[in-house]
Every structure is written in structure tokens, then in C-alpha cells.
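Asks:
Protein chains: 2
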Amino acid sequence: MTKDWNVLKIDLSSGIVKRESLSYEYVRRFIGGRGLGAALIAPYATEGVDPLDGSVPLVLAAGPLTGAGIPSGDRFSLSTISPLTGTVMDTNSGGRLGRSLRRAGSDLMIISGKSESPVVLVVDDDEVRLEGALDLWGCTVSETILLLTERWGKTAGMSVIGPAGENGVRYASIMTERMRAMGRGGAGAVMGSKNLKAMVVIGSGKVPVHDKERLKVVLEESNRWLRAHPVTSKALPALGTPMLVKICTRAGIFPLRNFQSVAVGEDQAYTGEELAKRFTVSSSGCTGCYIQCGRVTEVDGSRGEGPEYESLWALGPDMGIEDLRKIIPAAHRCNELGMDTISAGGSIACAMELAQRDIRPSSARFSDAGSVMKLLDDIAYRRGEGDELADGSLAVARNAGAVQYAMQVKGMELPGYDPRGAQGQGLAYATSNRGGCHLRGGYLIAREILGIPKKVHGTQVLGKGGHVARAQDFGAVADSLSVCRFATFALAPEYWSRMLHAVTGWELGGEDLIRTGERIITLERILNLEMGVGPDSDSLPPRFTNEPLTEGACTGEVVHLDDLLAEYYAHREWPGGIPSENKIKELGLDEERGRVL
Amino acid sequence: MTKDWNVLKIDLSSGIVKRESLSYEYVRRFIGGRGLGAALIAPYATEGVDPLDGSVPLVLAAGPLTGAGIPSGDRFSLSTISPLTGTVMDTNSGGRLGRSLRRAGSDLMIISGKSESPVVLVVDDDEVRLEGALDLWGCTVSETILLLTERWGKTAGMSVIGPAGENGVRYASIMTERMRAMGRGGAGAVMGSKNLKAMVVIGSGKVPVHDKERLKVVLEESNRWLRAHPVTSKALPALGTPMLVKICTRAGIFPLRNFQSVAVGEDQAYTGEELAKRFTVSSSGCTGCYIQCGRVTEVDGSRGEGPEYESLWALGPDMGIEDLRKIIPAAHRCNELGMDTISAGGSIACAMELAQRDIRPSSARFSDAGSVMKLLDDIAYRRGEGDELADGSLAVARNAGAVQYAMQVKGMELPGYDPRGAQGQGLAYATSNRGGCHLRGGYLIAREILGIPKKVHGTQVLGKGGHVARAQDFGAVADSLSVCRFATFALAPEYWSRMLHAVTGWELGGEDLIRTGERIITLERILNLEMGVGPDSDSLPPRFTNEPLTEGACTGEVVHLDDLLAEYYAHREWPGGIPSENKIKELGLDEERGRVL
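This is the structure in C-alpha cells:
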């Protein structure tokens, strides 16, 4: 098939809509989704750029598999520059938007400029328009979705922001019609700064498939592996990601109180099992997906999606709160406000530790759930102390002259895995292109804790450079395809290669895909360097490198970051953290330079 | 299907033949071929064992794919204990023997004991017998094959030894009906010590296939990748393995004169291109295989198979001989004598260097091709100086009190890649379970020189531990399946997983296979430890670690073996080179212990 990609360019400042195309050879070099997003964001990655002044576009890209009927492959990706970290960023989600976009005949949207007043972008098959959204501005996420659903029906794809995005919270999320978040990095703030309240896409066409017979065979084989894998067939369907609470606690890496200690013992009140038993109403997940990793929970009449493991942790034990009755409503509230749970929790936990140490006063105190609920709203509406916390933990700690208490990398708050017991995860945090993120870093927890694809001991240092590089490369492939990370637990690169061939006719083998992942990671690295985010920022809070854990299975451990980085840079051929000319050439990124850099 | 395996047990001492079976669950734990061979050799791996006294069996095993019509999958494997290295060993070859064995209804032969006089083992479908072979004893390999073909026809599978095997040359090979060698480690000497001149197998049945439709699909896809890969589609079909001469010379790792220097420049007279242009009569290869990596060459009426890259090097530049007119006949002669070219060349090259240094007198002199031809015969017939050389370079150098000039690991002579410019290859030599071998070590040349599956710089040290471990694991899978290593250049583990499923019905994913490879490597390691071959022997000749290269692209480099080993042991979880109890348990080898150890 090898069909060129259709691009919709929408300039919010002028309201002008253009249709262009991208050659399939160009798309294939970056696969789609995250990779293509990075290539298209490249011209904007310059020193001093401000993603909240309307100068940087949002690139919303389908993956080449999106809409082809692959259960775990219906995601879409959004790329821009992060107002939280100053790095290039991408974020993705399941939901109907990407699939609808392709059914409407486009593969990609580039949304630039800034509207004078609030608007909704509507793509209704051939027709593209901006509709006034003064009535929606100020609405919470579920209110917005409800009103849009009344107007556009239940089959429209929707992505919206809440008050946090409107008010420029640097970690505001974008939420989909299913209350799933494009959570990390603050894309919601970029959307808000453009006065774009929502995107609604309706598509009634069909997504073409190159070889349906082949696709049927590979999906059949894939399903066999998804059904065979203990994580995708049992643990995730039963408990969702909160299955990790017990596992990480046992492994000695479940952090408490802004990473001041880790949990020990077996009787926590906030495990995935407790969540399932006491508060879960039903599972949820992407259409047709076997895993159904999401869950709907309810506490005292508050019903909502989640919390995921990271949200449960960030809004709970990381702030000294152990009661699921307090944690769940906080997670639902973040969804309603359109705000990343990990960064919100991490920013408040940082303020809590600064207050505990008498460095900075705060209304928040460890274990005080009431103060947290109030502060979440204050952040979203940038009121009082919340105004400062809306800029993230690094800003808060820096203002207080104590950056060491911000548990972040490159300005992004860390998720709930203490790297002292998972050295690879520590390296992943330090080198993730969008900052301290479990997903973009490579999610070494899979290897180090879950043993996927193979157990590699968490406290081992040697060899982790290669593991992290490969995991990041494969992760970039998944985000570019764009497919579910959980499905990649069970399905090796070759399965994605075969699906890709069946859907598009492209001839990219498993290792070709991994190599493309390397191209994407290296491109993102170059873009960060051009924005002044250099190797110095491949760091960790000093707590992890200097202070040994004092309890749990990994007592006595610190992160050996210098050794890890040396091996990682050698593996990537990034001497001193900077991609060598040789590597740039080998990946063909010198060809792109004139074009994208 | 999941069918048990049929085992043929032949005791040469008594002539008694038994039929037994092995459960498919047991076979699957080791795949077949090399892996199963190691498990069945395990009871014999005890300190002080002498594989030339008849006490150790030959285990001849098909792979689970053998005979199923997979072009690169028709190999068979032979396992025993090496008289050259004192380690566990396996060796495999393409040809008709494995396929015929399965068509005759068996999957595996265990040949134990020792015949009183020379015999041929004949498996003629249901019938198994030993035939007197006094007439064949003393015949060269091609004479033997000719006589056996006259008796048994052109479709019989045959494996025979030549004079070297009869006379106990510790690196005698076993040759197949197509003049392909089971070359390294001296299995031919074990066969000779049993008075077994040849094995002939005729099978007229069919090898069952679990799912023919599935097999068709995966073979079709596999062929696409074999045709797309530059090495399997172009370089190997055009030049065979001697394509490597130019590539390795350019990379600065083509050794000269017993590794005293490396070749520089472009105008060598012994390149693959010269071989093709001046001496190659035709390509050759396994039935149905696309690659046809072999070649038939002719010089002055001497026509024969090969030489492969390693043979060309060992019988040429490693001994200071650059004229293909001298090299080719030496290679053909080794085939006729049934003797490993690399060990023969390496042993003579060692004698040459010892003579050059006035440490030990020798009839051989660097560049003197005439002395080499004579010495090859003297080795095979254990005459004069040849009698000592027939024990290998380590014995020669040790007798002369100068072991540092034997270019070997664990007693096996190294092939033609200087590890100072390919650190991973150096680690591979040091850790290969059958000694200084390019294939069992993991053939890091693929990664470091050819860029398969991905280029990893040869002089880089960090990260090589993981690369070598993975390459070894995948290599063990290939040898156990037992399929062609070249095909694994183009086909990732998932393709083999799918073929395996189609042929046998077994559910082993790509990573399950790699994990099985790890089980096999670790089992072999344990067996070596039980025979007293310990971590001390994970070494290299001091030349490589102490003396920097003085010319070529890798000038100034030495092998950083300590760092490489530390990383490798950490990666394998073999602290100090010894598999941890934890790792043994994780691989399920503790279950086997009572059974196989």
C-alpha cells in the first residue's frame, strides 16, 4: 500500500485550515505517533522557546496501526514542548480520537497558533471548523465530555482539558472521552494556552488494510501470547496496575513520604487487592482489548476511572496517606481538574517535606488528606500556595533554596519506584527524554521487578546500560506505532513488524523497528540539547545517590549513577552524553538535519 | 502433536541395540540437538574422564525441525566430551544424516562403547546393524564416501572419519556425504577410538508436521527476510564466508603469522573476490537453501569443497602463506584427512613461531607451503613431529615451556579474528564452553564487524557482557533446533518460535527460546566445572591482553578481559564465573540435577 500520510494543519490564530501530505518514506523513518511528532516538532526546539506563548504547535498523530482493528493498537499520540521540563515531549492515550481521525481521512493534525477566545476544534469527516467554547470554559473534564457528547454523540472521539489546563498548570493533562489521561508533561497547559478547550473528531470512513489475511493470522497468534502471558492474562485483568503495590513493597522499592523511606511488611491498607475488593465497580479498557487494565472505582458516591498504581501512590503513601477512601477521591478529582496525578502528588509531597524540615511553610502536612483535597483545587485554579505548586516541585524547592527535596528529574516528578532497589530504573529516570518518567525512561521495572522479558536483578549495576537503551528503543517503537505498552510485555518486536507489514505493506523487521526506536530517541536527545537541556540534567535527586536505603529488601543500596551513565552513553555512542557525529550519520539523522533540525 | 522422542541406543562393545523414548516435556526443556546432547552427556562429565577410551558416548541428535522441509533447518548435532579441550562439546552439520534418521523413525542415537574392529553403523529404516569396515579403514574421506555411496546409494545420509580420526588426532573432524565438516573439538577422534569408521542412515518414512498451513506461512515470511538481508541474499551467495577477508582486513582484525600482526591495505592475493574469480567452480549448499554458502574450488586438478574463511586464514596468512594455489590444496587435504583446518593450521603456526623464536625446532617455517602439506599428512598419521602436533598447539607449546605462544583458549585453537579490535569476540573466545571457538562463543563478529543485528563498535568494552551472553544464548538455540547460524542473521527468535510451533505444536515464544538457550549454556558450564574446567580457563593468550596492536585500524588496542569478564559474569549471574544457586534454580537445572548431573 505504502500510502502517503494526510496532514491537517490548523492555525488557531487565523482559523485557516490546510491539507498537506507527508511521503510514506518520510513517515516510515519515524514510524508515526511519537517518532513523527518529534520530527515535526524539531523546528521549534530552540533555546528560550516558551510553549505557553502560542509559538509551539501541538502535533496529534495516529500510529500506522491506529484504526486497523488491532485491539491494543488504537492509540494516538500528542507531541509538543513541555512547559514543565522544557524538553521535547509526547504523550499518548487509548480512546476514539486517533481512530476517528483516520476514519475522517487524516493521519495527523498540526495545531498551531492561539485562538483569541475559547474554542473547540471539530473535525467532522471532511469538514473542519472552530466552534466557540465560552460555555465550556471553566467546566470540569466530565462536565465538558458530557456537554460535548450531548452535541456530538457517543461515537465521537474527544480530548479535552479541565480547569488545570485552562489555568496553565505546568502539569495539566489532556483527558479523553473515556476519562483516560494523556497525563505527564503538561500538554494540557499548552492546549489551554491556545484557548483550545477540546478536540472532537467524527470519522465515518474506513482505515485501509494492506493484507487482511496476514493481519488475521498475526492477530490470532498475538492473542495466543496475550492469553499466555501471566501479566496480560491474569494480573492486569484482575487488579489493573495497582497489582504492583504488593510486588513493589516486597521488592523494597515502594516509596513513602516523598521518598524518605520505603514500605515494609505485608499488611498495607492500600494494595491492589484491597482496591479490588472494597472499591472497584468494574473493569474498563480499550474496545476489543483482552487486558481491560482500567477500573472504575467508587467511594462515598464519588465514582470515577482509576486510580492507576502511580496515582494511588502519588496521592497516597507518598504523602503519608494510607486510606483508600481518601486516595480514590483525590485521584478522581485530579481527573476532573485535568491534572497529572504524579506531578500533583509529587509537588505537594515536596511541599510537605519542606514544611516538615521547617524550610518552607505549607498548608499541607504528611498524612493530612483534607489539606490535600483543598490544595489540588488551589493548584488547578492557581490560588494561594497552589499557584506556586502549579509550577511543579522543582520550582517550589528552588524558590525555597532546597532543590534537593524535589523528587524530580529535568523538572518532572518521579513515579512510585525507588531507584535504589532498581538501578536500571534509576538510569531510566536520569536519561528519559521527557524527564523523570517511568514510561519514557524505558520502564525497567518490567525487567527488574516483573522479570519481563527476563529477570535482571534490581541491585545489579553492570549491564543495565544496554538494558535501558534497548527498553527505551522498544518503548519509542510502541509509542510511535502507537500501541499499548502492556501488549509489548507479551509481544516481541517481530509481532509488531508483522502487524505493520499486514496493515501498511512496509517492510520493517523487528530489529529495523528497534533501530528506528534508536533514531527517535537520539533525535529527541538532539532536540533537548538544542534547547539547552544537556547531559548535566541526566541526574537524580542526591538522596538516591548518597543516602542508602535504611529498610526493606534493598537496605544499604544507593544508585550508582556514574557507572550506569558511563555504560549507557557507551552503549548509545553518546560520548559525554552527546550523540557522536558517527551515530547521527549511521541513523540517517544528518539527512534530516536540514529538514527537521 | 507434542510427540515423545524415539531414541536408538547402540552399544558398540556388545553390538546390542535398544529402542527407548524420551518424553517431549523433557526434550522441550533442551529443545533438541546441542541442548539435549548436553543433558544426555551430563552423566559422563566427571573429573579425569578420557573420551578416547570408549567410556563416553557419542550423542547424535536431530533438532525438532530436522526433516520438516525447512531449507536452513535440516542440520543435526553430535555431542560428546572433547579430547582436545576436556570440555563438553557439540558440533553440527548440514547434510542428510539427521533428516534420514528421522525418516527412519528415530530422533536421537546414543552410541556407546567401543567395537573390537572397524565397523560401519547402518540404520536402514527399522533395521540397525554393524558392518565390518576393515576395507574402509585407512581410506581418505572421499574414498570412504565413494565406497559407501556405491553400496548404499546417493540418498543415504553418511558421516565418516578419515585417517586423522582413525589415528586419534585430537582435532579430527567428522565429514558428511557432502564433504562438509563437523570440524571443531575432535569428535572424529572419539569416533575413531570406538573403531567406528562411518554412520550410514537410510530413512524412507515421513517426518510429521503439526500444522502445515502455519508452516507454509512462516516459511514464506522467512524467505522474504532471507532475501532482504544483505548478508544472506548477497554477500554469502556471491563469495561464501571468504567475503570476510576484505571486511576483517579493513577492520584491522585479520591476523597474520600466529597473531603476531594483522593485515593492512587492500591488495591481498587471498581475498574472497580472488577466490571467486580464479578458483571457484560452483556454489554449493544444503538442499533447498537459498543461501548456498559453500563453494567448490579447483587448483591444478585438486577439486574440493571450501575453503571457508577460517580455513583459508588458518592454512594461509596465519602461517605466512598468501598464495591461494597453496592454500586451497591444504584445505582440501584436511577434508580428505578428516581434520579440523583451524586447529591444524593453528598448531602448525604455533610450531612456526616457536621455531622463529628458537624455542623449539620444527620442519615448518612461516611462508613455507611445502613443509605445511607434508606436516598435515604427518599429523593425520601421527608421524614424527606430526605426532606431537596432533595433540594441538597447547600441548606443543606446553612441552616447549612456552604456552604463551599457543593461540588457544581451553586448548582449542582460535579462528581468524584478532580480539584486540573486537573486544566482544575476545570475551566470546574466553567464555565459549568448548574453548576458543568463534561459533560457540557467540560470534560477536556479527555485531562488531558486520553490524548484525546491530553495529556495536569493536573496540568498545562496556556493554559487551550482555551482548555476548545474548549471542551465546541465541546460538545455543540455533544449535539445538538445529538450524543454520547464517539463517539466524536474518531471522529473529520469534520466527524460529513460530516454525517450532508449526512443526511440533510446542508453545515456546522467542524469549522462552532465549531462556532455554541460557539453560543450555549454563548446563554446559556446570558440566565443565564438574570436569575441572573452571573460571581460570576463561582466559586469553597474554599477547591479546598485554601487547597492543601495532598496525591497522585498531592500533594501540588490547583486550580488556577483566572488565569484560566482570560484566559477563554479572550478566549471567555467575559470581566469580560459577553459576549461582539462585540462577540454577531459576533455570530449573536443580530439577535436572538428580537426573542429568
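Residue numbers (my numbering), protein chains in the order written: chain A, 1 to 597; chain B, 1001 to 1597. Cβ atoms here follow ideal geometry from the backbone N, Cα and C, with glycine treated the same way. Source: prediction; values computed, not measured.
Using Cβ-Cβ distances below 8 Å, what residues of the stretch 473-497 of chain A are close to chain B?
Replies: Correct list: 492, 493, 494 and 495.
Asks: May I have the straight-line CA-CA distance separating residue 1591(B) from residue 1513(B), to the nearest angstrom?
Replies: Approximately 19 Å between the Cα atoms of the pair.
Asks: Please report whether the beta-carbon of residue 579(A) lies at a distance below 9 Å from any beta-carbon of chain B.
Replies: No, its Cβ sits nowhere closer than 9 Å to a Cβ of chain B.
Asks: What are the residues that DSSP puts in a beta bridge with residue 580(A)?
Replies: Answer is none; residue 580(A) lacks a bridge partner.
Asks: May I ask you to list, following chain order, the residues of the stretch 1504-1515 of chain B that have a beta carbon less than 9 Å from some beta carbon of chain A?
Replies: Within the stretch 1504-1515 of chain B, the qualifying residues are 1507, 1509, 1510, 1511, 1514 and 1515.
Asks: Check for me: the beta strand (DSSP E) holding residue 598(A) runs from which residue to which?
Replies: Limits of chain A in this structure are 1 at one end and 597 at the other, which puts residue 598(A) out of reach.
Asks: Could you list the residues in the stretch 553-585 of chain A with a C-beta less than 8 Å from some C-beta on chain B, going in chain order?
Replies: Under the 8 Å Cβ criterion, the stretch 553-585 of chain A contributes 566, 567, 570, 571 and 573.
Asks: Excluding five sequence neighbours on each side, which residues of the same chain lie with their C-beta closer than 8 Å to the C-beta of residue 457(A)?
Replies: If we look at residue 457(A) and ignore the five residues flanking it on each side, its Cβ neighbours are 448.
Asks: Compare the C-alpha of residue 1399(B) against each of 1485(B), 1407(B) and 1389(B) and name the closest.
Replies: Among 1485(B), 1407(B) and 1389(B), the Cα nearest to that of residue 1399(B) belongs to 1389(B).
Asks: According to DSSP, is residue 499(A) helix, strand or coil?
Replies: Correct three-state label for residue 499(A): helix.
Asks: Leaving aside the five residues before and after residue 461(A) along the sequence, list all residues of the same chain whose C-beta is less than 7 Å from its C-beta, in chain order.
Replies: Here the set comprises 423, 560, 563 and 564.
Asks: Which residue from 152(A), 75(A) and 431(A) puts its Cα closest to that of residue 410(A)?
Replies: When only C-alpha atoms are compared, the closest one is 431(A).
Asks: What would DSSP say about residue 597(A), mapped onto helix, strand or coil?
Replies: In this prediction, residue 597(A) scores a pLDDT of 46, lower than 50, which makes its location untrustworthy; the coordinate-derived value is nonetheless stated afterwards. Residue state, collapsed to three classes: coil.
Asks: Quick one: which chain A residues come within Cβ less than 8 Å of residue 1462(B)?
Replies: Simply 465, 566, 567, 570 and 571.
Asks: Quick check on DSSP: helix, strand or coil for residue 157(A)?
Replies: Strand.
Asks: Quick one: list the residues of chain A neighbouring residue 1228(B), beta-carbon separation under 9 Å, in chain order.
Replies: 507 and 509, listed in chain order.
Asks: Are at least three pairs of beta-carbons, each pair with one atom in the stretch 67-80 of chain A and one in the stretch 520-530 of chain A, less than 8 Å apart?
Replies: Touching, no, given that fewer than three Cβ pairs across the two stretches are closer than 8 Å.
Asks: Between the C-alpha atoms of residue 1597(B) and residue 1168(B), what's the straight-line distance to the nearest angstrom?
Replies: At residue 1597(B) the pLDDT is 46, less than 50, meaning the model places this residue with poor confidence and gives no usable figure here.
Asks: Examine chain A for any beta-carbon lying closer than 9 Å to the beta-carbon of residue 1455(B), and answer yes or no.
Replies: For residue 1455(B), the answer is yes, since a Cβ of chain A falls inside 9 Å of its Cβ.
Asks: Is it the case that the stretch 1274-1282 of chain B contacts the stretch 1294-1308 of chain B, given that we only count it when at least three CB pairs across the two stretches are under 8 Å?
Replies: Result yes; three or more Cβ-Cβ pairs closer than 8 Å.
Asks: At 3 residues or longer, what runs of the beta strand (DSSP E) sit wholly inside the stretch 1163-1208 of chain B?
Replies: Whole beta strand (DSSP E) segments, 3+ residues: 1174-1176 and 1196-1202.
Asks: Alpha carbon to alpha carbon, how far is residue 1291(B) from residue 1124(B)? Give it in angstroms, no decimals.
Replies: For residue 1124(B) and residue 1291(B), the distance between alpha carbons rounds to 31 Å.
Asks: Kindly indicate the opening and closing residues of the beta strand (DSSP E) around residue 78(A).
Replies: Start and end: 76-81.
Asks: Where does residue 1137(B) fall in DSSP's three states?
Replies: Of the three classes helix, strand and coil, the one that applies to residue 1137(B) here is coil, per DSSP.
Asks: Pick helix, strand or coil for residue 531(A), following the three-state DSSP scheme.
Replies: The answer is coil: DSSP assigns residue 531(A) none of H, G, I, E or B.
Asks: So residue 1231(B) is in the alpha helix (DSSP H); what residue range does that whole segment cover?
Replies: Note, residue 1231(B): premise wrong, no alpha helix (DSSP H); not H, not E.
Asks: Give the DSSP-derived three-state secondary structure of residue 1258(B) in the structure shown.
Replies: Correct three-state label for residue 1258(B): coil.
Asks: Among 464(A), 276(A) and 197(A), which has the Cα closest to the Cα of residue 237(A)?
Replies: Of the candidates 464(A), 276(A) and 197(A), the one whose C-alpha sits nearest the C-alpha of residue 237(A) is 276(A).
Asks: For residue 1016(B), does the count of other Cβ atoms within 10 angstroms reach 16, so buried, or fall short, so exposed?
Replies: Exposed, by the Cβ-count rule.
Asks: With a cut-off of 9 Å, does the C-beta of residue 231(A) fall near any C-beta of chain B?
Replies: Answer no: the Cβ-Cβ gap between residue 231(A) and chain B never drops below 9 Å.
Asks: Closest to residue 1260(B) by CA distance: which of 1218(B), 1289(B), 1350(B) and 1189(B) is it?
Replies: The residue with the shortest Cα to Cα distance from residue 1260(B) is 1350(B).
Asks: Write down every uninterrupted run of the alpha helix (DSSP H) in the stretch 1251-1309 of chain B whose length is 4 residues or greater and which is fully enclosed by it, in chain order.
Replies: The stretch 1251-1309 of chain B contains these whole alpha helix (DSSP H) runs: 1272-1278.
Asks: Report the start-end ranges of each alpha helix (DSSP H) in the stretch 374-449 of chain A that is 4 residues or longer and not cut off at the edges.
Replies: You should have 385-389, 393-399, 423-431 and 438-441.
Asks: Using the C-alpha atoms, what's the distance from residue 1420(B) back to residue 1083(B)?
Replies: About 29 Å.
Asks: Where does the unbroken alpha helix (DSSP H) through residue 1368(B) begin, and where does it stop?
Replies: Careful: residue 1368(B) lies outside any alpha helix (DSSP H) and carries neither H nor E.
Asks: Put residue 553(A) into one of helix, strand or coil per three-state DSSP.
Replies: Coil, per DSSP.
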